Amino acid sequence: MISKRILSFFAAAFLSIGITTARPDEGMWLPMLLKQLNEADMQKKGMKLSAEDIYSVNQSSLKDAIVSFGGFCTGEMISPEGLLLTNHHCGYGSVQSHSTVENDYLTDGFWAMNREQELPNPGLTATFIVRMEDVTKDILAGTEAAKTEAEREAIIQRNTAKVGKAATAGTHYDAVIKPYFYGNEYYMYITETFKDVRLVGAPPSSIGKFGGDTDNWMWPRHTGDFSLFRVYAGPNNEPAEYSPENKPYQPKHHLPISLSGIQENDFTMVFGFPGRTNEYLTSQAVKEIYEVSNPAKINIRETKLNILDKDMKASDEVRIKYAAKYASIANYWKKWIGENRGIRKANAIAEKQQLEKQFASWVAADPSRQAKYGNLLAEFEKNYNALEGITISRDYINEAAFGVEIVKLANNFTTLQNMLAQKAPQNEIDAQVAKLEKYAADFFKDYNAPSDKKVFAALLSLYYDNIDQELHPTVFNMVREKYKGDFSKYAEDVFKASLFTSEAGVKKALAEAKAGKDIIKNDPAFVVASSVADYYRANVLPTYTTVNDNLNLLYRTYMTGLREMQNDKKFYPDANSTMRVAYGVVEPYEPVDGVKYKYYTTLEGIMEKAASGAAEDYAIPARLRELYEKKDYGRYGVNGEMPVAFIASNHTTGGNSGSPVINANGQLIGTNFDRNWEGTMSDIVYNPNQVRNIAVDARYMLFIVDKFAGAGHLVEEMTLVTDDTSGLPQVDARKADKKPSKKDKKRKKKEKAAAAAQ
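With full-length UniProt numbering applied, the sequence shown covers 1 to 758.
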């Protein structure tokens, strides 16, 4: 279990937050600002491209090959025919949705041998960035007259709607406008979203998830964490809903794939959509995360994982239903463990305190600064103190109470129950019923009531035992009196009586609702959900909202002060799911004294782990072993070895999963899928000695597709290169000659033959 892997570190002050230049390889930079902020440094590190080659609105550039995959990961275009590469764990939900006990694509993998076999995924999208704009002036226009933060926000919302509408008028594009540096700046992204994204290929989980939870967030890593999709377009190569008539999208640019591989100190760049970082938090915030929030969430999720793991191992049906859920729960459980390790190792709280002392001295040295910033640090302390009991309650409500599926399901019926109580118009009730019918159908496809009953008893018991009684929702009073705090007995009664344990029960509740009868209000699962939600709205949300509004204003001011104090430092904004560029170099690292990890792994390591018998996560397919024993690596191996993964010092986070790792020439060398455990604290504080991003080597991806899966027709449509020529497009694919090439004809002939064989 994970506790065996936890090492004891001495706290060491590796960071110097008060320095005047960004630390090596730190930062998630805005593409449109690379020219003025980063181009020189990137080229000094070895990049042979210009900032215009990376991001341009005048010509095709690397940005045109990068997509936001589903809004939760990144993907990249790797062929002129819409082929998209992302992580296996990003495509996992899609693979799971197509899997059954009879066709277990999770276990066996899936490969479309022709276009007709590619599987549609309703709701899955691929979003490209058309251009970026600095719209700070327009968004903040008029805010100087606002007397309160609420008035300011209202003005910003009006301006945002106005600017976005004007920017996209007469087009099929969308506008995304987001704040940066806590609302000091605003940038607009004009986007193009494709809605027909089909599954093309995914390796078996024994490759795509090799190492499983044992290796998650760890290095050395040997995971073939990739999957392939294809983006389809309607007429004029524009977005369209799914249709058999749609054609593969022709991107403005696709990334050529380098067969030359990587060497230590090679320049690397990660292009993608990082989700969320909080690099500028004060010491109080980091202390709360480290001492309060993370330990609670780790404990809750570990309890849930242990229950699900046991049930999934006992039933293939349960395993398939819960595969994606389990992976999602486990991912952040282990991440938070590593984050706390990293915070401790980097001595992050003390370093933040040191910066605050420096800031206080800088403020005290000038009366004008005292007027602007004099009370700032005291206000931070006051507001974080006000969150005592609030943060922990919120964590238990979100992770424990609403971590129980039946409680979360029942909570979704709150609006309908209110409509029934208020005797809303029938057409409104009917519309809400229709919405919930669809929600319930999706919910019960991947639900197992016996497992959830165990989770109910365990998580609500944790909530009951670990949160002070005065912070309990009222339903706990009933459990205390009637069941003497025994949540196992309570779970038995709830799951025996509730309509929310089955789709048939939910359909009955909805049918009664359409007839004007409310049988939801007194349902035992709804009683739990409404009690918890009522407590949250009455006792947690008001303080949490007020304090966070205060903190947002304080951080906006703090950022202004820090940038004024460190006026020669290059600041980058926190990640917020918008397009960013990170860059670094391929390099090893030393996690602890006396241990140094190489910067790459090979297939040899997979065989060593498989032979260790240490974990079921290390099972491998017979075909992979056969290829290894024959050393049948084709053109993808190097000196008798098959590269699998590598690390570099790029600054990444969640959302960067699936991001391309690009070399100095603009060529794809790998696909980012993880960070090392010691570096997961980089969402809060960056330690250049410890932070590494982990990528699957592009050559291993090609090897699996071609030699393992026998899907060489997919490789044929990619652009493979072995030299150091530029990976930039010479022509716009949308304007290219559409006459089929010999490669196209050969591929289509193979597809027809494969289809006939089927």
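Backbone N, C-alpha and C fix where the C-beta goes; we use that ideal spot for every residue, glycine too. Small disclaimer: the values here were computed from a predicted structure and weren't measured.
Just how far apart, CA to CA, sit residue i and residue j?
i, j, result
"residue 283", "residue 357", "11 angstroms"
"residue 536", "residue 402", "12 angstroms"
"residue 299", "residue 345", "21 angstroms"
"residue 132", "residue 59", "14 angstroms"
"residue 454", "residue 495", "10 angstroms"
"residue 144", "residue 375", "21 angstroms"
"residue 162", "residue 74", "29 angstroms"
"residue 302", "residue 92", "21 angstroms"
"residue 622", "residue 678", "33 angstroms"
"residue 652", "residue 141", "33 angstroms"
"residue 566", "residue 370", "17 angstroms"
"residue 222", "residue 210", "7 angstroms"
"residue 524", "residue 418", "17 angstroms"
"residue 610", "residue 285", "42 angstroms"
"residue 688", "residue 422", "58 angstroms"
"residue 589", "residue 130", "37 angstroms"
"residue 353", "residue 280", "12 angstroms"
"residue 159", "residue 135", "10 angstroms"
"residue 31", "residue 64", "12 angstroms"
"residue 49", "residue 676", "28 angstroms"
"residue 488", "residue 530", "20 angstroms"
"residue 147", "residue 156", "14 angstroms"
"residue 40", "residue 381", "40 angstroms"
"residue 34", "residue 51", "6 angstroms"
"residue 277", "residue 575", "5 angstroms"
"residue 176", "residue 711", "38 angstroms"
"residue 269", "residue 469", "51 angstroms"
"residue 513", "residue 503", "15 angstroms"
"residue 427", "residue 433", "10 angstroms"
"residue 557", "residue 373", "8 angstroms"
By a C-beta neighbour count over all protein chains shown, 10 Å radius and 16 as the cutoff for buried, is residue i buried or exposed?
i, result
"residue 656", "buried"
"residue 165", "exposed"
"residue 705", "buried"
"residue 405", "buried"
"residue 635", "exposed"
"residue 342", "buried"
"residue 297", "buried"
"residue 442", "exposed"
"residue 643", "buried"
"residue 179", "buried"
"residue 99", "buried"
"residue 563", "exposed"
"residue 314", "exposed"
"residue 336", "buried"
"residue 466", "exposed"
"residue 310", "exposed"
"residue 54", "buried"
"residue 650", "buried"
Would residue i pass as an interface residue toward chain D - the criterion being a Cβ-Cβ separation below 8 angstroms?
i, result
"residue 136", "Absent from the structure: chain D. Only one protein chain is present."
Between residue i and residue j, how many whole angstroms is the CB-CB distance? I'm expecting something under 8 angstroms.
i, j, result
"residue 384", "residue 288", "7 angstroms"
"residue 78", "residue 271", "About 13 angstroms separates the two Cβ atoms, so there is no contact after all."
"residue 196", "residue 232", "4 angstroms"
"residue 81", "residue 248", "4 angstroms"
"residue 200", "residue 118", "5 angstroms"
"residue 334", "residue 217", "5 angstroms"
"residue 672", "residue 695", "5 angstroms"
"residue 586", "residue 526", "Going by Cβ atoms, the distance from residue 586 to residue 526 rounds to 54 angstroms, so no, they are not a contact pair."
"residue 273", "residue 577", "6 angstroms"
Pull the bridge partners of residue i from the DSSP assignment, please.
i, result
"residue 283", "Bridge partners of residue 283: none, in fact."
"residue 188", "133, 177"
"residue 269", "583, 662"
"residue 68", "74, 127"
"residue 29", "581"
"residue 674", "694"
"residue 641", "638"
"residue 80", "None; residue 80 has no bridge partner."
"residue 257", "668, 720"
"residue 57", "Answer is none; residue 57 lacks a bridge partner."
In chain order, each alpha helix (DSSP H) run of at least 4 residues that lies wholly inside the segment 412-484: 414-421, 426-445, 449-466, 475-482
Please list the segments of the alpha helix (DSSP H) lying wholly inside the segment 325-413, counting only runs of 4 or more residues, in order along the chain. 348-364, 367-373, 376-385, 390-396, 405-411
Note down, one range per segment and in chain order, each beta strand (DSSP E) of at least 3 residues found wholly within the segment 541-595. 580-585
Starting from the N-terminal side, write out each stretch of the alpha helix (DSSP H) that is 4 residues or longer and does not extend beyond the segment 87-144. 88-97, 105-108, 136-140
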